[in-house]
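Per our numbering, residue 65 is the first one in the sequence shown, and the count goes up by one each step. The beta carbon of each residue, even a glycine, is placed where N, CA and C say it ideally should be. Report on the following structure.
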Amino acid sequence: MTNNAPAQAAAAAQIAGRLEPAFALMARTHAALQASCAVQAAAQSADIAAARRGPELCAAVWASQLLGEVLALPAPVRDLALHAIGAGAWRGAGGLVSFSLIDGPGPKAELLRIAPGKGAPSHTHGGMEYTLVLTGAFADATGRYAAGDIAVMGPTDAHRPTAEPGAICYALAVSEAPLKFTGALGVLQKFWKH
65 MTNNAPAQAA AAAQIAGRLE PAFALMARTH AALQASCAVQ AAAQSADIAA
115 ARRGPELCAA VWASQLLGEV LALPAPVRDL ALHAIGAGAW RGAGGLVSFS
165 LIDGPGPKAE LLRIAPGKGA PSHTHGGMEY TLVLTGAFAD ATGRYAAGDI
215 AVMGPTDAHR PTAEPGAICY ALAVSEAPLK FTGALGVLQK FWKH
């Protein structure tokens with residue numbers, strides 16, 4: 065499901081110089097992604113190599129695989145992701161890894177790595193969320209999003225993005241406000257007042 069209107073609006077706003085840093089990153093990354101089909105092929109090769117090694121990947125092999133995957137991403141997001149890896153600005157569990165790329169005042173940008181068949185926790189949004197798929201694909205209640213597609217979610221949208229089987233799904237997510245988790249994570253979020 066491709067939604068080109070937000071991408072075209074973002075490109076127009078970037079040209080006019082009106083974008084916040086997180087949205088400017090998304091516009092540059094989308095343009096770089098459209099310019100090269102090699103990104104998808106490189107990510108699929110990394111997936112095949114990882115599958116052959118099995119689930120016993122040690123930390124060094126995992127770091128090497130992750131580095132190889134990130135190096136295949138479009139330049140605007142790749143450079144920030146490499147910095148996030150070096151700075152330890154990432155977290156993950158259960159097949160989902162999140163790299164903080166732009167954090168601070170204004171919209172937040174993060175790179176998501178979703179393993180095939182895995183997903184983000186079910187959540188709603190405190191504001192708008194824009195997700196540009198870089199490799200692989202994910203699906204949720206609103207549809208299917210593949211490389212180059214942008215999913216747009218508002219405060220009333222609840223979803224649980226799940227990566228499709230096959231390639232690892234990398235996505236650039238820009239959020240105007242924190243996510244609001246539902247279910248057990250929502251209870252913990254309220255308890256910790258996050």
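Pairing A201 with E228 gives a Cβ-Cβ distance under 8 Å. Taking the C-beta atoms as reference points, P219 is found nearer than 8 Å to G191. Beta-bridge annotation (DSSP): I166 is paired with A173. In this structure, DSSP gives E193 an extended state, which the three-state scheme calls strand.
The beta carbon of R224 is closer than 8 Å to those of G183, A184, P185, S186, H187, D204 and A205 in its chain, skipping five residues each way along the sequence. Per the DSSP secondary-structure output, M217 pairs in a beta bridge with E193. Note: I178 is bridge-paired with L160 and C233 in the DSSP secondary-structure output. By a beta-carbon distance limit of 8 Å, L196 does not contact I178. Their separation comes to about 13 Å. Annotated three-state conformation of L83 is coil, per DSSP. The straight-line gap separating the alpha-carbon atoms of K244 and A237 is approximately 15 Å.
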